[in-house]
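**Student:** Input: one structure, supplied below.
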Amino acid sequence: MRFPINPFLGIMGVASATEDPVPSVPPGDHGGNIDIKHVVSGSTLYLPVQVEGAGFFTGDPHFAQGNGEVALTALEAPLRATVRLTILKSDDARAAIGAVTNPVVETATHWIPTGMDADLDEAMRIAVRNAVTFLNTRLGVPRDVAFAYLSAAGDFEVSQVVDAVKGVHCMIRKADWAAWS
1 MRFPINPFLG IMGVASATED PVPSVPPGDH GGNIDIKHVV SGSTLYLPVQ
51 VEGAGFFTGD PHFAQGNGEV ALTALEAPLR ATVRLTILKS DDARAAIGAV
101 TNPVVETATH WIPTGMDADL DEAMRIAVRN AVTFLNTRLG VPRDVAFAYL
151 SAAGDFEVSQ VVDAVKGVHC MIRKADWAAW S
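If you read the sequence shown in our numbering, its first letter stands for residue 1, the second for the next number, and so on.
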């Protein structure tokens, strides 16, 4: 058996605005164990900062992982990573990801809104809502057009199903919107 490696960090998040302990494993609005294999070198992960200083954390390195991470582990391996952290002011964040308040990934070719919930169906609904919100508030796409586009060309993928909180993300091709005005 042979397959390509695609190194990435499965856990990336920020501290939550709560006095209660927040484990890093379940993903959520703060990030955490999002396990999105598209968050690789050169991509951007937008996380909503909830406390001063952000409290960024990372871990769970993988050499490769299939969507879903169905057997609890991927091709786990130690990695050394350098990350660049940038705090965006509200206006700059809205220009980058619209009114979405969940993690959003940006690659050279895609925008990737997310949805997370203990119920996979609800995670999917949240991902759809976030994708519609992204297209509507970031690009000015009417909501009905956004729904139609997502049904025809948006690729929804299961990020992971092994944790109590499941993850779904939507692949929105930037090239599809190059001529949108």
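No residue lacks a Cβ here, since even glycine has one placed at the ideal position from N, Cα and C.
Between PHE56, ASN33, LEU75, which lies nearest to ILE5 when the distance is taken from Cα to Cα?
**Tutor:** Measuring from the Cα of ILE5, the nearest candidate turns out to be LEU75.
**Student:** Quick check on the burial criterion: 16 or more other C-beta atoms within 10 angstroms. Buried or exposed for GLY114?
**Tutor:** It should be pointed out that residue 114 corresponds to Thr in this sequence rather than to Gly. Looking at its Cβ environment, which holds 16 or more other Cβ atoms inside 10 Å, THR114 is buried.
**Student:** On the criterion of 16 or more Cβ atoms from any shown chain inside 10 Å, does LYS174 qualify as buried, or is it exposed?
**Tutor:** With fewer than 16 Cβ atoms within 10 Å of its Cβ, LYS174 is classed as exposed.
**Student:** Are the stretch 81-91 and the stretch 116-124 touching, with three or more C-beta to C-beta distances below 8 Å?
**Tutor:** No: fewer than three Cβ pairs fall under 8 Å.
**Student:** Could you work out which residue in PHE8, ASN33, ILE172 is closest to THR109 when comparing CA atoms only?
**Tutor:** Of PHE8, ASN33, ILE172, the residue nearest in Cα terms is ILE172.
**Student:** Starting from the C-beta of ALA146, find all residues in its chain whose C-beta is less than 6 Å away, skip the five residues before and the five after it, and write them out in chain order.
**Tutor:** These residues qualify, in order along the chain: VAL132, LEU135, ASN136.
**Student:** Count the other C-beta atoms from every protein chain shown that fall within 10 angstroms of the C-beta of MET12, then say buried if there are 16 or more, exposed otherwise.
**Tutor:** So MET12 counts as buried.
**Student:** From what residue to what residue does the alpha helix (DSSP H) around THR137 run?
**Tutor:** It spans 120-139 - the alpha helix (DSSP H) in which THR137 sits, taken as one unbroken run.
**Student:** Which runs of the beta strand (DSSP E) fall wholly inside the stretch 16-96 and span at least 3 residues, in chain order?
**Tutor:** Those beta strand (DSSP E) runs which fall completely within the stretch 16-96 and span 3+ residues are 31-33, 44-46, 57-64.
**Student:** From the DSSP output, read off the bridge partner residues of ARG173.
**Tutor:** HIS110.
**Student:** Tell me whether ASP144 sits in a helix, a strand or coil according to DSSP, three-state version.
**Tutor:** In this structure, ASP144 counts as helix in the three-state DSSP scheme.
**Student:** Please determine, among ASP155, VAL165, VAL162, the residue with the shortest C-alpha to C-alpha distance to ASP176.
**Tutor:** Here the closest residue by C-alpha is ASP155.
**Student:** Specify, as a first and last residue, the run of the beta strand (DSSP E) that MET12 falls within.
**Tutor:** Looking at the DSSP string, the run of the beta strand (DSSP E) that includes MET12 is 8-13.
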